[in-house]
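Protein sequence lines correspond, in order, to chains Y and L.
Taking full-length UniProt numbering, the leading residue of the first sequence gets 1, the next gets one more, and so forth.
Taking full-length UniProt numbering, the leading residue of the second sequence gets 1, the next gets one more, and so forth.
Written below as structure tokens is the structure these notes are about.
2 protein chains.
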Amino acid sequence: MNGYPEVSEATRRRVHAAAIAHNYRPNTRAKGLATGRAMAIGHVIPIATKHEMVNPVFADFIAGAGEAYSNAGYDMHLSVVKDADEERIYCDLASKRNVDGVIVHAPLINDPRIKLLREIGLPFVVHGRSSGEEGPYSWLDINNRRAFSRATGFLLDLGHRRIGLINGLEHMDFAQRRRDGYTSALDKRGIAADPALMVSEEMTETNGYRSALNMLEQDTPPTAFLVSSIISAIGVRRAIEELGLKMGKDVSLIVHDDELSYFKNSDGMDVPLFTATRSSVRDAGRQAAEMLLSIIQSPDTAPQSRLLEAELTLGRSTCPAPQEAK
Amino acid sequence: MNGYPEVSEATRRRVHAAAIAHNYRPNTRAKGLATGRAMAIGHVIPIATKHEMVNPVFADFIAGAGEAYSNAGYDMHLSVVKDADEERIYCDLASKRNVDGVIVHAPLINDPRIKLLREIGLPFVVHGRSSGEEGPYSWLDINNRRAFSRATGFLLDLGHRRIGLINGLEHMDFAQRRRDGYTSALDKRGIAADPALMVSEEMTETNGYRSALNMLEQDTPPTAFLVSSIISAIGVRRAIEELGLKMGKDVSLIVHDDELSYFKNSDGMDVPLFTATRSSVRDAGRQAAEMLLSIIQSPDTAPQSRLLEAELTLGRSTCPAPQEAK
DNA sequence: CAAAAAAGTCAAAGCGCTTTGGGGGCGATT
DNA sequence: AATCGCCCCCAAAGCGCTTTGACTTTTTTG
Chain Y
1 MNGYPEVSEA TRRRVHAAAI AHNYRPNTRA KGLATGRAMA IGHVIPIATK HEMVNPVFAD
61 FIAGAGEAYS NAGYDMHLSV VKDADEERIY CDLASKRNVD GVIVHAPLIN DPRIKLLREI
121 GLPFVVHGRS SGEEGPYSWL DINNRRAFSR ATGFLLDLGH RRIGLINGLE HMDFAQRRRD
181 GYTSALDKRG IAADPALMVS EEMTETNGYR SALNMLEQDT PPTAFLVSSI ISAIGVRRAI
241 EELGLKMGKD VSLIVHDDEL SYFKNSDGMD VPLFTATRSS VRDAGRQAAE MLLSIIQSPD
301 TAPQSRLLEA ELTLGRSTCP APQEAK
Chain L
1 MNGYPEVSEA TRRRVHAAAI AHNYRPNTRA KGLATGRAMA IGHVIPIATK HEMVNPVFAD
61 FIAGAGEAYS NAGYDMHLSV VKDADEERIY CDLASKRNVD GVIVHAPLIN DPRIKLLREI
121 GLPFVVHGRS SGEEGPYSWL DINNRRAFSR ATGFLLDLGH RRIGLINGLE HMDFAQRRRD
181 GYTSALDKRG IAADPALMVS EEMTETNGYR SALNMLEQDT PPTAFLVSSI ISAIGVRRAI
241 EELGLKMGKD VSLIVHDDEL SYFKNSDGMD VPLFTATRSS VRDAGRQAAE MLLSIIQSPD
301 TAPQSRLLEA ELTLGRSTCP APQEAK
């Protein structure tokens with residue numbers, strides 16, 4: 001059944017028919033044992049121990065990756081793990097031989113997992129990058145820095161001078177890059193970044209709400225926000241409206257939109273709710289998976305990488321800065 | 001290493017030490033082949049083909065289940081699958097022997113998967129139930145009917161007479177039960193359910209927004225809403241406020257809260273944003289997983305089931321009906 | 001002190017597949 | 001007619017583990 005050339009077409013057909021008749025499918029374990037390949041990819045999803053938080057982008061990323069795997073006949077192996085145990089899990093996966101490769105999620109700055117995986121020789125692709133990691137490795141990331149610098153520039157062009165940054169946790173690489181983009185765009189216009197306008201926290205609705213409220217209640221409140229997640233942005237909007245202000249009129253907001261399936265910023269009909277830097281995380285999952293599969297197929301080629309650009313899409317949450325705030 | 005009684009303690013220690021020294025872990029495939037047990041549980045997550053939607057509760061459910069699996073030494077196998085292909089996948093999983101059991105997600109009314117799994121003899125636990133399925137099977141569900149009937153009763157007690165129901169897709173069993181709870185509570189007070197106040201749709205922010213807007217723009221708009229998901233509720237709130245109304249003052253709202261980790265309705269400090277029927281889906285994942293593991297351990301016991309009650313928690317989104325609306 | 005019992009060790013078989021090398025059958029070549 | 005070559009088919013070995021039963025060593029007991 002495995003396409004050997006010396007088997008006649010007739011026999012092959014007979015075997016196939018019999019297999020279907022008996023509802024036969026080769027036993028994965030036996031096959032894996034004989035071939036030495038697991039035909040499975042591992043995803044390790046870390047639970048932030050502090051708040052037991054599951055990153056909401058995982059679901060969509062995995063949906064995209066899963067598509068690529070089933071097309072290629074691979075299975076997906078998931079380990080849910082408290083972030084402290086994460087390294088041990090990679091060793092386990094490798095030495096128990098239950099996966100042929102892994103996707104590394106949510107890389108930190110100087111992420112130790114990259115070194116570890118390189119050492120144990122398990123093929124991997126990082127979703128994101130890890131600043132400070134010098135050696136070569138395969139990754140797929142969006143251009144977070146440029147996205148946030150463009151978004152900041154866009155707000156500056158609209159006349160905003162005090163722009164709040166509501167970011168994710170900045171030991172995560174993506175958040176660091178986003179802040180870089182933000183501060184460098186401010187720098188370029190000769191504006192000093194104000195620490196009172198920058199927060200770094202888990203991207204939940206409540207956090208977004210609380211931080212925005214804090215900033216808006218300052219003496220010189222921001223007239224615009226840059227928000228790292230559509231979930232936090234909901235909270236930011238709540239804070240804005242609770243103070244009797246209007247989003248897109250009194251306060252502007254740009255959000256990074258991962259195109260989560262249950263929270264589409266734009267439904268294709270109306271003008272999107274939020275002005276956003278947009279990049280589909282589902283698509284990223286698909287591409288990262290395909291990259292990993294190709295690496296597994298030809299292990300000796302150089303590490304691959306791909307940098308995706310985020311689109312800046314106009315929504316109803318941005319407008320010129322109000323006059324009195326200039 | 002597997003705890004045979006006739007091996008001396010000293011030898012065991014020696015073997016253990018050697019295993020650790022060489023970073024040895026038994027090969028999962030070989031072990032599985034020899035024992036006939038995969039030590040893995042399958043989760044099949046269907047993608048609604050129509051909108052390519054991933055149910056946002058999966059992430060948290062799986063986080064809970066994953067905890068139970070790793071405690072028991074089990075792995076988790078994920079298949080992401082277009083909902084049309086779902087039955088084939090179950091057959092594959094069973095005949096390829098790569099899992100010892102599966103969790104059935106998002107059961108429909110008269111769900112054919114239950115019959116199928118019973119036939120092929122693969123142990124399973126349903127997260128939810130399937131009305132119309134007569135035979136015995138193991139399930140874990142929340143009492144959707146009672147939760148929604150209580151919530152409706154609560155709104156009626158506050159004087160609301162026109163209550164909008166913004167539900168999930170009603171071919172899903174949970175949504176059906178929620179509507180049942182809603183209509184039966186209305187019935188009990190002699191109020192006819194108005195079809196113009198009931199919608200059934202995928203639970204996205206946009207859908208919630210649009211449906212609430214539609215209802216509020218009717219001649220006799222609802223004074224309260226019952227919403228099946230916190231995601232849709234965000235959209236409902238947006239609609240309310242866009243019309244210049246205040247949630248918890250002009251319009252009341254009760255939502256079902258799955259305690260999604262990135263969208264906590266209550267953060268333990270303030271009064272929750274929404275009044276809600278609350279039940280942790282993460283916890284459900286943990287319990288369903290434990291139930292399945294116990295079934296696999298002793299396959300001959302009768303099917304188990306567990307019905308969890310949802311708590312009604314007071315938030316800031318409900319208040320007595322405005323006078324003029326009575 | 002010898003024999004029986006207990007405790008510990010080891011080697012072989014088998015799980016279900018892939019891979020390989022040896023033959024059997026048949027038509028073509030000399 | 002004997003040989004060669006080709007096309008198939010099949011049987012055997014091995015993947016890394018568990019399980020079993022046979023065997024050896026130590027301890028207990030009459």
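Idealized CB from N, CA, C, for every residue including glycine.
Please read all numbers here as calculations on a predicted model, not as lab measurements.
Proximity below 8 Å, CB of residue i to CB of residue j
i             : j        : result
ASP173/L      : LEU108/L : yes
residue 340/L : GLY235/L : Any question about residue 340/L goes unanswered here, given that chain L covers just 1 to 326.
ALA38/Y       : ARG129/L : no
ARG189/Y      : LEU156/Y : yes
TYR182/Y      : THR204/Y : no
PHE61/L       : ARG278/L : no
ALA302/Y      : PRO136/Y : yes
SER79/L       : SER305/L : no
VAL251/L      : ALA224/L : yes
LEU33/L       : LEU33/Y  : yes
ALA106/L      : HIS256/L : no
Neighbour list for residue i in chain Y, Cβ cutoff strictly below 7 Å
i        : result
LEU169/L : What LEU169/L touches in chain Y: nothing, since even the nearest Cβ is about 13 Å away.
ARG113/L : Those do not exist, as ARG113/L stays about 17 Å from chain Y at its closest Cβ, beyond 7 Å.
Beta carbon proximity, residue i to chain Y, threshold 8 Å
i        : result
ALA325/L : Caution applies to ALA325/L, whose pLDDT of 43 falls short of 50 and renders its modelled position unreliable; the value that the coordinates give is listed next. Answer no: the Cβ-Cβ gap between ALA325/L and chain Y never drops below 8 Å.
GLY159/L : no
VAL80/L  : yes
LEU33/L  : yes
THR313/L : no
GLY66/L  : yes
ILE47/L  : yes
Proximity test, Cβ basis, 8 Å: residue i and chain L
i        : result
THR318/Y : no
PRO107/Y : no
ALA63/Y  : yes
MET172/Y : no
ASP283/Y : no
Partners in chain L for residue i, counting only beta-carbon separations shorter than 9 Å
i        : result
VAL271/Y : Chain L residues near VAL271/Y: none, gap ~12 Å exceeds 9 Å.
PRO56/Y  : PRO56, ALA59, LEU260, SER261, TYR262 and PHE263
ALA38/Y  : THR28 and ARG29
PRO231/Y : The displayed chain sequence assigns Ile, not Pro, to residue 231/Y. Those are TYR262 and PHE263, listed as they occur along chain L.
Per-residue contacts from residue i into chain Y (C-beta, under 8 Å)
i       : result
LYS96/L : ARG25, PRO26, ASN27 and THR28
MET53/L : SER261 and TYR262
Own chain partners of residue i with C-beta closer than 7 Å, once the 5 adjacent residues on each side are dropped
i        : result
ALA288/L : ALA65, ILE103, VAL125, HIS127 and LEU140
THR220/L : ARG162
ASN98/Y  : ALA38, ALA40 and HIS77
GLU170/Y : GLN176, ARG179 and SER200
GLU259/Y : ARG278, SER280, VAL281 and ARG282
Own chain partners of residue i with C-beta closer than 6 Å, once the 5 adjacent residues on each side are dropped
i        : result
THR275/L : ILE254, LEU314, GLY315, SER317 and THR318
ASN144/L : PHE174, ARG177 and ARG178
ARG237/L : MET247
ARG14/L  : none
8 Å Cβ shell around residue i - same chain, five flanking residues per side excluded
i        : result
LYS246/Y : ILE240
GLU86/Y  : VAL44, PRO46 and ARG113
Chain-ordered neighbours of residue i on chain L, where CB pairs are closer than 8 Å
i        : result
MET76/Y  : HIS77, LEU78, SER79 and VAL80
GLU86/Y  : None at all; the shortest Cβ gap to chain L is about 12 Å.
GLY208/Y : Neighbours of GLY208/Y on chain L: none; closest Cβ ~11 Å, over 8 Å.
Chain-ordered neighbours of residue i on chain L, where CB pairs are closer than 7 Å
i        : result
ILE234/Y : ILE234
ASP92/Y  : ARG25
ASP267/Y : THR206
Chain Y contact residues for residue i, given Cβ-Cβ distances below 9 Å
i       : result
SER70/L : SER79, VAL80, VAL81, ASP85 and ILE89
The segment 238-254 of chain L: which residues have C-beta closer than 7 Å to a C-beta of chain Y, in chain order?
-> GLU241
Chain Y contacts from the segment 185-206 of chain L (Cβ-Cβ distance under 9 Å) = GLU202, MET203, THR204, GLU205 and THR206
Just by C-beta distance, which residues in the segment 297-308 of chain Y are closer than 9 Å to chain L?
-> none
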